[in-house]
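The listed protein sequences correspond, in order, to chains A and B. Here the first sequence is numbered in the numbering used here, starting from 655 and rising by one per residue. Here the second sequence is numbered in the numbering used here, starting from 19 and rising by one per residue.
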Amino acid sequence: MTGVTFVLLCLAGGLGATARFMLDAAIRTRVTATLPWGTIIINLTGSFLLGLLTGIATAHALPDAWKLVVGTGFLGGYTTFSTASFETVRLMQERRYGAAFANGLGVLGGATAAAGLGLWCGGLL
Amino acid sequence: MTVPAGGEAGGEAWGGDPALPIDPDVDVEDVATGTPVHLRPALIALVFVGGAAGVAAREGLCLAFPAVNGISYTILAINVVGAFLLGVLLESLARRGPDHGRRRTQRLLLGTGFMGGFTTYSTLATDTAQLIGDGRVGAGTGYGLATVLVGAAATLAGIAVGVAAHHPRGETA
């Protein structure tokens with residue numbers, strides 16, 4: 655990886671984190687629900703998009719820089735594991751075990767399926 | 019009875035503080051300035067800088083310790099360590115006081131920004147999906163489950179450290 659690619663990757667990561675911050679807040683002000691839908695929607699859409707990008711990259715030999723900047727950088731900064739894990743534990747602490755299970759293992763299954771769908775679509779494009 | 023105009027903080031006990039919004043999730047400063055937290059440029063900049071630094075740290079570690087046989091133990095370790103550190107950070111910030119000023123700066127820069135950019139869900143999901151797609155169902159399922167379960171334990175441990183740090187030895191709550 656060149657120095658320029660690394661700098662672009664970091665800037666894209668900052669943009670991804672900013673997009674997550676603003677989208678999460680926008681969802682939270684509109685949806686009052688029992689699950690942290692902001693983080694869930696962000697992680698599901700980010701997982702689908704990384705799967706799609708990886709599928710396209712594999713099928714069409716996309717330059718590595720694209721995967722690094724958009725995938726590792728932007729989508730890596732956009733999605734987050736630490737907040738998802740914290741929200742799961744908070745649900746457990748509130749004894750809302752069904753919601754905690756859905757937020758932990760349900761989202762893992764959903765995000766893996768979304769990434770798989772993305773990989774499949776990317777291969778078809 | 020006269021009520022002071024503008025409503026001093028900690029006002030009438032029976033009527034609540036008229037300056038405070040009804041919705042507890044609404045930031046008091048949003049009411050004062052009319053701009054929600056997530057639309058203020060200075061706070062967005064904190065998340066951007068923290069996020070860029072977190073992504074740089076993650077990529078640096080991934081370059082130093084590449085995936086072995088399709089499984090990135092580095093991403094697993096990053097997600098678990100990030101979950102632990104976010105637990106420590108958010109618990110100790112919450113115990114130090116309301117989410118304003120320096121505490122909010124630290125939460126947005128280090129939590130939402132750095133830990134959010136350092137850890138990642140998209141790579142976890144895509145790696146898991148690729149392992150399962152390659153027929154390595156056990157490896158894929160194990161990788162995903164290990165991350166989520168050990169991550170939750172790490173978050174709990176982080177919160178416990180945040181609690182302990184707030185109550186030094188000999189001091190009772």
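Backbone N, C-alpha and C define an ideal beta-carbon position, used for all residues, glycine too. From a predicted model like this one, the values you see are computed outputs, not experimental measurements.
Which complete beta strand (DSSP E) runs does the stretch 703-769 of chain A hold, if anything under 3 residues is left out? As far as the stretch 703-769 of chain A is concerned, it has no whole beta strand (DSSP E) run of at least 3 residues.
So, with DSSP's three-state summary, where would you put valine 106 (chain B)? The three-state reading of DSSP puts valine 106 (chain B) in helix, counting H, G and I together.
Using three-state DSSP, classify glycine 668 (chain A) as helix, strand or coil. helix
Would you list the residues sitting across from valine 86 (chain B) in a DSSP beta bridge? Looking at the DSSP assignment, valine 86 (chain B) forms a beta bridge with B:Ile89.
8 Å is my cut-off, CB to CB: does phenylalanine 66 (chain B) come that close to chain A? yes
Pick out whichever of B:Ala112, B:Ala70 and B:Tyr139 has its Cα sitting closest to the Cα of threonine 734 (chain A). B:Tyr139
So what's arginine 58 (chain B) in DSSP terms, helix, strand or just coil? Correct three-state label for arginine 58 (chain B): coil.
Touch test, the stretch 77-96 of chain B against the stretch 141-158 of chain B, Cβ-Cβ under 8 Å, three pairs minimum: Three or more pairs of CB atoms, one per stretch, sit closer than 8 Å, so the stretch 77-96 of chain B contacts the stretch 141-158 of chain B.
Same chain, Cβ closer than 6 Å to alanine 31 (chain B), five either side skipped, listed in chain order: Because the pLDDT at alanine 31 (chain B) is just 42, under 50, the model does not fix this residue reliably, and the value given afterwards should be weighed accordingly. Same-chain partners within the cutoff: there are none.
Listed by chain order, chain B residues near glycine 758 (chain A) by CB distance under 7 Å: Val166 and Ala170
Let me know if glutamine 148 (chain B) comes out buried or exposed under the rule of 16 or more other beta-carbons within 10 Å of its beta-carbon. buried
C-beta contact flag for phenylalanine 102 (chain B) and alanine 183 (chain B) at 8 Å: no
Compare the C-beta of alanine 191 (chain B) against all C-beta atoms of chain A and say whether one is closer than 8 Å. Confidence at alanine 191 (chain B) is low in this model, with a pLDDT of 47, below 50, so its placement is unreliable and no value can be given for it.
If you drop the 5 nearest sequence neighbours on each side, which residues of the same chain put their C-beta closer than 7 Å to that of leucine 722 (chain A)? Sequence-distant Cβ neighbours of leucine 722 (chain A) in its own chain, meaning closer than 7 Å and more than five residues away, are Met655, Thr659 and Leu663.
Quick one: is threonine 742 (chain A) buried, meaning 16 or more other Cβ sit within 10 Å of its Cβ, or exposed? buried
Would a check of beta-carbon distances place cysteine 664 (chain A) closer than 8 Å to chain B? yes
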